[in-house]
Each structure stands twice: as structure tokens, then as C-alpha cells.
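Enquirer: I have a structure here, written as C-alpha cells, and I will follow up with some questions on it.
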Amino acid sequence: MSSFQHQQSAHCESGVLASLLTHAGLPMSEPMAFGLASGLAFAYLPIVKIGGMPLIAYRMPPRHLIKTLSKRLGARMHSRTFGDQEQGRRALDELLDAGRLAGLQSSVFWLPYFPPEMRFHFNAHNLLAYGREGNEYLISDPVFETPMRCAAEDLHKARFAKGALAAKGLMYWFDEVPQEQDWSRLVRQSVLSTTRILDGMPLPWIGIRGIQHLARRIAGLDPAQAKYNRLYLTHIVRMQEEIGTGGAGFRFMYASFLQEAGELLGEDSLQEASRSLTDIGDDWRQFASACVRASRSKGEQPDFVGIAASLDAIAGRERVLMRELGAWSRRRG
Amino acid sequence: MKLDDVPQDSSSTYGGHCKLLYAVDEQGHYQGAQSAGWDDEAYSTRLALAELDRLATEAEEGWRSGELSPLKSLMYRYRLDEPALAQVTGLWQWRIRRHFRPAIYRRLGAAVLARYAVAFGLPLAQLISYQKDRS
Numbered sequence: 000m001s002s003f004q005h006q007q008s009a010h011c012e013s014g015v016l017a018s019l020l021t022h023a024g025l026p027m028s029e030p031m032a033f034g035l036a037s038g039l040a041f042a043y044l045p046i047v048k049i050g051g052m053p054l055i056a057y058r059m060p061p062r063h064l065i066k067t068l069s070k071r072l073g074a075r076m077h078s079r080t081f082g083d084q085e086q087g088r089r090a091l092d093e094l095l096d097a098g099r100l101a102g103l104q105s106s107v108f109w110l111p112y113f114p115p116e117m118r119f120h121f122n123a124h125n126l127l128a129y130g131r132e133g134n135e136y137l138i139s140d141p142v143f144e145t146p147m148r149c150a151a152e153d154l155h156k157a158r159f160a161k162g163a164l165a166a167k168g169l170m171y172w173f174d175e176v177p178q179e180q181d182w183s184r185l186v187r188q189s190v191l192s193t194t195r196i197l198d199g200m201p202l203p204w205i206g207i208r209g210i211q212h213l214a215r216r217i218a219g220l221d222p223a224q225a226k227y228n229r230l231y232l233t234h235i236v237r238m239q240e241e242i243g244t245g246g247a248g249f250r251f252m253y254a255s256f257l258q259e260a261g262e263l264l265g266e267d268s269l270q271e272a273s274r275s276l277t278d279i280g281d282d283w284r285q286f287a288s289a290c291v292r293a294s295r296s297k298g299e300q301p302d303f304v305g306i307a308a309s310l311d312a313i314a315g316r317e318r319v320l321m322r323e324l325g326a327w328s329r330r331r332g
Numbered sequence: 000m001k002l003d004d005v006p007q008d009s010s011s012t013y014g015g016h017c018k019l020l021y022a023v024d025e026q027g028h029y030q031g032a033q034s035a036g037w038d039d040e041a042y043s044t045r046l047a048l049a050e051l052d053r054l055a056t057e058a059e060e061g062w063r064s065g066e067l068s069p070l071k072s073l074m075y076r077y078r079l080d081e082p083a084l085a086q087v088t089g090l091w092q093w094r095i096r097r098h099f100r101p102a103i104y105r106r107l108g109a110a111v112l113a114r115y116a117v118a119f120g121l122p123l124a125q126l127i128s129y130q131k132d133r134s
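In C-alpha cells, the structure reads:
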């Protein structure tokens with residue numbers, strides 16, 4: 000337990016995953032964990048509403064990273080949820096007292112160490128508990144610079160907050176992580192799976208077709224609804240940048256993975272793909288800035304068609320990249 | 000994004016914390032870089048918060064003038080809306096909307112109020128005391 004090193008991450012789930020694996024003896028960076036778990040995605044879900052706005056996700060749903068990667072690595076992971084809250088509290092204490100690390104799912108809103116302006120009702124936040132002292136838990140929250148402390152009552156409330164994606168006290172830990180891994184096979188398998196998610200789903204809201212769908216929605220905004228347009232465009236920016244995406248809706252993190260994997264395997268084509276995804280990420284950032292500019296502008300008519308066109312261009316570039324990566328991962332499998 | 004382009008706009012929304020982004024150095028090599036905030040992102044966050052604030056204030060005025068129960072303003076104050084409050088409390092949305100009416104709210108039993116108390120993290124006694132106010 001004393002050997003545990005807190006490491007700041009961009010995203011909660013990949014950060015917790017990288018920390019757990021590293022601590023279990025398989026050193027892994029956050030981008031590597033994110034990439035090998037095929038975390039990159041895009042989804043526009045008009046049915047799931049957040050504050051009256053559609054859910055726009057740039058990654059796979061919560062829990063996907065942990066489940067996928069532990070399966071691919073052949074790691075034995077335990078996870079438990081609790082019907083009885085008192086039992087959940089005891090189980091956590093027992094695990095910590097045995098000197099283990101515990102991954103926990105919790106609500107952001109009830110964690111007192113979060114900045115007030117960032118506290119929203121998001122129940123699928125991941126963090127690590129690595130010990131307890133008196134009435135406080137020692138917390139390694141991956142999106143913060145340093146370890147945190149959290150009063151037992153607050154953590155308990157955060158773990159058992161009700162609502163969408165309720166954690167029900169979910170707690171997970173690794174038992175055994177095989178140290179010998181076939182990295183070439185892992186990278187190929189995970190890249191192929193990402194290309195299928197982004198460019199191979201027959202649904203109009205998922206992957207690149209989802210990006211194109213969002214572009215059409217922006218192009219079709221009614222200029223008379225200025226207030227709604229402002230909230231809609233900035234909602235996209237928040238989904239893309241606000242809650243721990245490592246910049247540009249996980250595009251930079253995935254580019255970092257491609258680079259690291261390219262170095263590991265000595266594959267120039269992955270390095271090349273990393274460079275082009277970095278450019279695409281820069282386009283996403285500019286798209287976000289354009290959305291904010293359009294929301295800020297008073298008086299003059301915002302150029303929705305222009306913004307939509309830039310998003311369509313991003314979709315086109317991601318499609319080209321995914322086809323190249325797909326061809327690469329099939330070449331020698 | 001180059002390391003030099005990582006925004007350092009000291010956004011109040013970060014509460015003095017830094018966030019990790021991934022950016023490339025001069026040689027094109029990726030590394031983690033701390034960002035103290037980005038104006039475009041902070042603008043978006045604040046706009047969403049201001050909208051919730053506006054709704055809460057509006058509902059509070061409704062409560063003061065006796066048109067609404069305090070429930071609606073509490074809902075927005077605790078960053079919830081009707082679907083979210085329904086999920087947290089396990090009550091139907093139409094029931095929650097009904098509880099926005101002062102006369103209905105005054106007749107609510109402790110069991111229902113307790114659900115709201117848990118959702119807002121408030122003592123039950125406070126929600127009960129609102130039943131006696133302005134009656």
C-alpha cells in the first residue's frame with residue numbers, strides 16, 4: 000500500500016485502469032490502457048438527455064475500458080455491487096485493511112474535493128481508494144494533481160448516489176495480472192475493434208456517421224432560436240472538452256497511444272497515423288472554438304453551415320484514417 | 000496540439016486545479032501536460048451553470064409569491080431537472096410536477112419528503128419546515 004504512486008490522468012476510467020495495472024506489476028500508461036481497451040468512439044444519442052440536451056459521447060460507455068482490457072490481458076478482475084449500503088462500506092474497509100487498492104465508481108456531485116463549478120450529477124466517475132486514516136479515506140482521484148482525502152460519510156454518499164448510471168457502491172480490484180503479453184496481437188486487435196466502432200456500425204448515430212449526423216443537426220439550427228442554439232453549441236463543447244477527455248474528445252489521447260504502440264512494435268505506419276490524428280484533434284479544438292464564437296457573437300448571424308462543414312471535414316478525415324488503420328491491422332494478424 | 004498551445008487561462012471553473020491534456024513537444028513526441036483552463040471551455044461551463052441558476056431564481060420567485068412549492072427551486076439549485084430528480088427519487092415525473100404545487104406540497108407525508116431530502120442531501124426537518132412556511 001505504501002508503494003502506491005498517484006499519477007494524474009486525463010480521464011477517470013483509463014487513469015484508474017492504468018494505475019491498477021501498474022500497481023499489479025504490469026506498467027502501463029494511461030493512453031496505452033485507453034487504446035488497448037478500444038476506448039475511442041463517437042455517439043450522438045438524442046434519446047438519452049442530459050439537462051434536456053442529447054448525450055454526445057467521444058468514447059465508449061462507462062465500464063467498457065475496464066471490462067474490455069481485463070479480458071484482453073487475461074487479468075482476473077473482481078467487481079462487486081451492493082444492495083446493502085452498510086455491507087458495501089464494510090467490504091471496502093476490509094479490502095483496504097488487507098492492503099489492496101480498490102477501484103470505486105461514484106457520483107461527482109457528492110465528492111467535496113471537486114471544484115463547485117464542476118459538480119454535476121454524473122454517477123460514473125471512477126477513483127481509487129488506497130487506504131484509510133481515522134474517519135477519512137485516502138483517495139487517488141486520477142483527474143487531480145495530488146492524492147485527496149475524503150470523509151467516510153461523503154464517499155459513502157457518492158458511492159451510493161441514485162439516478163442514471165447509479166454505481167450501487169461498485170468496487171473492483173485485480174487479483175492477478177499476467178506479466179507476459181503479446182503486444183503485437185493486443186495492439187492489432189484493439190485497433191481493429193476501434194476502426195469497426197468508428198467506421199463500421201450500421202447505425203446513423205454511432206461513429207463517423209454520428210459525427211455527420213451532428214453536423215447535419217448544426218447546419219439545421221434555426222437562427223431564430225438564439226438561446227437554444229447557444230446552449231446547444233456550448234453543450235457540444237462541454238461534452239468534448241469539459242470532463243477529462245485529454246483534449247479534443249480523446250483524440251489526442253488516442254494519438255498518443257498510436258505513437259507509443261508504434262514505438263513498441265517498430266511500426267512506422269502507426270506513427271504516421273498518430274500524426275494525422277493529432278491534426279484531426281487540432282481540427283476538433285478549432286471546431287469547439289468556432290461553436291463558442293458563434294454562441295458569443297451578439298447581433299451578427301452565426302455561420303452554422305460553415306461550422307457544420309468543418310465538422311463534416313473532420314468526419315471525412317477520421318474515415319480515411321480508420322480505413323488506413325483497419326488495413327494495417329488486417330495486414331499481418 | 001503543441002505543448003506551447005496548451006491553454007493556461009486560469010479558469011475559475013477548475014477551482015485552482017489543473018487538468019491533464021496530451022500534447023506533442025518540438026519533436027512531435029506526446030506527453031501529458033497540465034492545463035490551468037481554457038476560456039472556450041470555461042465559457043461553456045458557465046453558460047450551463049447560469050442557465051440552471053436562472054431557472055432556480057425564477058422558481059424561487061414563484062415560491063416567494065406563493066405560486067410554487069420550494070421543491071422546484073431546490074431541484075435546480077442542486078443541479079437537477081425533472082427527469083434526473085425522478086431517477087434519483089424513484090418518483091414519476093408527473094408526481095414531482097404535482098408536488099411543485101404549494102397546496103399539494105403541504106400535504107406530503109414524511110416518507111415522500113424523505114426521498115427529496117436524500118436527493119438534495121438536506122435534513123428532512125428542513126423540508127418539513129417549508130410545509131409550514133407561507134401557508
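Chains as they are written, first to last, in numbering that gives the first Met the number 0: chain A, 0 to 332; chain B, 0 to 134. Heads up, the beta-carbon is just placed ideally off N, CA and C, and yes, glycines get one too. These figures come from a predicted structure and were not determined experimentally.
If the cut-off is 8 Å on Cβ atoms, which residues from the region 220-242 of chain A count as contacting chain B, listed in chain order?
Expert: Listed by position along the chain: R229, L230, T233, H234, V236, R237, E240 and E241.
Enquirer: Please report the straight-line C-alpha distance between G245(A) and T44(B), rounded to a whole angstrom.
Expert: Taking the straight line joining both Cα atoms gives about 17 Å.
Enquirer: Going along the chain, which residues of its own chain have a beta-carbon closer than 6 Å to the beta-carbon of S10(B), five neighbours each way excluded?
Expert: Excluding positions up to five away in sequence, the list reads G36 and A41.
Enquirer: Work out the CA separation of D8(B) and L324(A) for me, nearest whole Å.
Expert: Looking at the two C-alpha atoms, the distance is approximately 35 Å.
Enquirer: Taking a contact to mean a Cβ-Cβ separation below 9 Å, would you say I55(A) touches I235(A) in this structure?
Expert: Closer than 9 Å, so yes.
Enquirer: Interface residues of chain B around Q258(A) at Cβ under 7 Å?
Expert: Here the neighbours are Y29.
Enquirer: Considering just the uninterrupted stretch of the alpha helix (DSSP H) at F286(A), what are its terminal residues?
Expert: Looking at the DSSP string, the run of the alpha helix (DSSP H) that includes F286(A) is D267 to R295.
Enquirer: What first and last residue would you give for the alpha helix (DSSP H) that runs through Y253(A)?
Expert: Per DSSP, Y253(A) belongs to the alpha helix (DSSP H) from R250 to L264.
Enquirer: With a cut-off of 9 Å, does the C-beta of P122(B) fall near any C-beta of chain A?
Expert: No - not a single Cβ of chain A is within 9 Å of the one on P122(B).
Enquirer: Ordered along the chain, which non-local residues of its own chain (more than five positions away) have a Cβ less than 7 Å from that of Y43(A)?
Expert: Excluding sequence neighbours, Y43(A) sits near P53, I55, W204, G209, H212 and L213.
Enquirer: Name, in chain order, the residues that DSSP records as bridge partners for P53(A).
Expert: The partner list for P53(A) (beta bridge, DSSP) reads K48(A).
Enquirer: Please list the partners that M252(A) has in chain D, where partner means a Cβ-to-Cβ separation under 7 Å.
Expert: Any reference to chain D falls outside this structure, whose protein chains are A and B.
Enquirer: With a threshold of 9 Å between beta carbons, is G14(B) in contact with chain A?
Expert: Yes, G14(B) counts as interfacial toward chain A.
Enquirer: So, does the CB of L2(B) fall closer than 9 Å to a CB anywhere in chain A?
Expert: No - not a single Cβ of chain A is within 9 Å of the one on L2(B).
Enquirer: Using Cβ-Cβ distances below 9 Å, what residues of the region 113-138 of chain A are close to chain B?
Expert: Under the 9 Å Cβ criterion, the region 113-138 of chain A contributes F113, P114, P115, E116, M117, R118, F119 and H120.
Enquirer: Can you grab the Cα-Cα spacing for the pair K297(A) / T233(A), in whole Å?
Expert: C-alpha separation (whole angstroms): 15 Å.
Enquirer: Chain A partners of R78(B), CB-CB under 8 Å?
Expert: Under the 8 Å cutoff, chain A gives F108, R118, F119 and H120.
Enquirer: Below 8 Å CB to CB, which residues in the same chain sit around V111(B) once its five sequence neighbours on both sides are set aside?
Expert: L90 and H98.
Enquirer: Could you pull the DSSP bridge partners for Y29(B) from this structure?
Expert: DSSP, once it has assigned bridges, lists V23(B) as partnering Y29(B).
Enquirer: Can you confirm whether Y42(B), when its beta carbon is compared against all beta carbons of chain A, has any partner nearer than 9 Å?
Expert: It does: the Cβ of Y42(B) has a partner Cβ on chain A nearer than 9 Å.
Enquirer: Against chain B, which members of the region 69-80 of chain A pass a CB distance test of less than 8 Å?
Expert: The residues in question: there are none.
Enquirer: For the beta strand (DSSP E) that contains D8(B), what are its first and last residues?
Expert: Neither: D8(B) is in no beta strand (DSSP E) and is coded neither H nor E.
Enquirer: Pull up the distance between the alpha-carbon of L164(A) and that of F108(A), whole angstroms please.
Expert: Roughly 13 Å separates the two Cα atoms.
Enquirer: Could you pull out every residue in the same chain whose Cβ sits closer than 7 Å to the Cβ of K1(B), ignoring the five residues on either side in sequence?
Expert: Closer than 7 Å at the Cβ level, and outside the excluded window around K1(B), lie A22 and V23.
Enquirer: Could you give the residue range of the beta strand (DSSP E) that holds F173(A)?
Expert: F173(A) -> beta strand (DSSP E) spans M170 to E175.
Enquirer: If we cut at 9 Å on Cβ distances, does W37(B) have a partner in chain A?
Expert: Yes, W37(B) lies at the interface with chain A (some Cβ there is under 9 Å from its Cβ).
Enquirer: When you compare only the Cα positions, how much space is there between R71(A) and L185(A)?
Expert: R71(A) and L185(A): Cα-Cα distance of roughly 7 Å.
Enquirer: Nearest to A225(A) by alpha carbon, out of C290(A), E241(A), G206(A) and R250(A)?
Expert: Ranking C290(A), E241(A), G206(A) and R250(A) by Cα distance to A225(A) puts C290(A) first.
Enquirer: Looking only at its own chain, which residues have a Cβ that is under 6 Å from the Cβ of A55(B), when we skip the five neighbours before and after it?
Expert: Cβ within range, chain order: S72, Y75 and R76.
Enquirer: Can you tell me the Cα-Cα spacing of I306(A) and Y104(B), whole angstroms?
Expert: Answer to the nearest angstrom: the Cα atoms are 47 Å apart.
Enquirer: Can you tell me where the alpha helix (DSSP H) holding H155(A) begins and where it ends?
Expert: H155(A) -> alpha helix (DSSP H) spans A151 to R158.
Enquirer: Name the chain B residues whose beta carbon is nearer than 7 Å to that of G162(A)?
Expert: Under the 7 Å cutoff, chain B gives A83, Q86 and V87.
Enquirer: Considering only the alpha carbon of each residue, which of R106(B), A116(B) and V5(B) lies closest to V87(B)?
Expert: Per the Cα distances, A116(B).
Enquirer: Return yes when the Cβ of N125(A) is within less than 9 Å of the Cβ of G14(A), no when it is not.
Expert: Yes.
Enquirer: Using three-state DSSP, classify I242(A) as helix, strand or coil.
Expert: Coil at I242(A), not helix or strand.
Enquirer: Using a Cβ cut-off of 9 Å, which residues of the region 97-117 of chain B contact any Cβ in chain A, in chain order?
Expert: Under the 9 Å Cβ criterion, the region 97-117 of chain B contributes V117.
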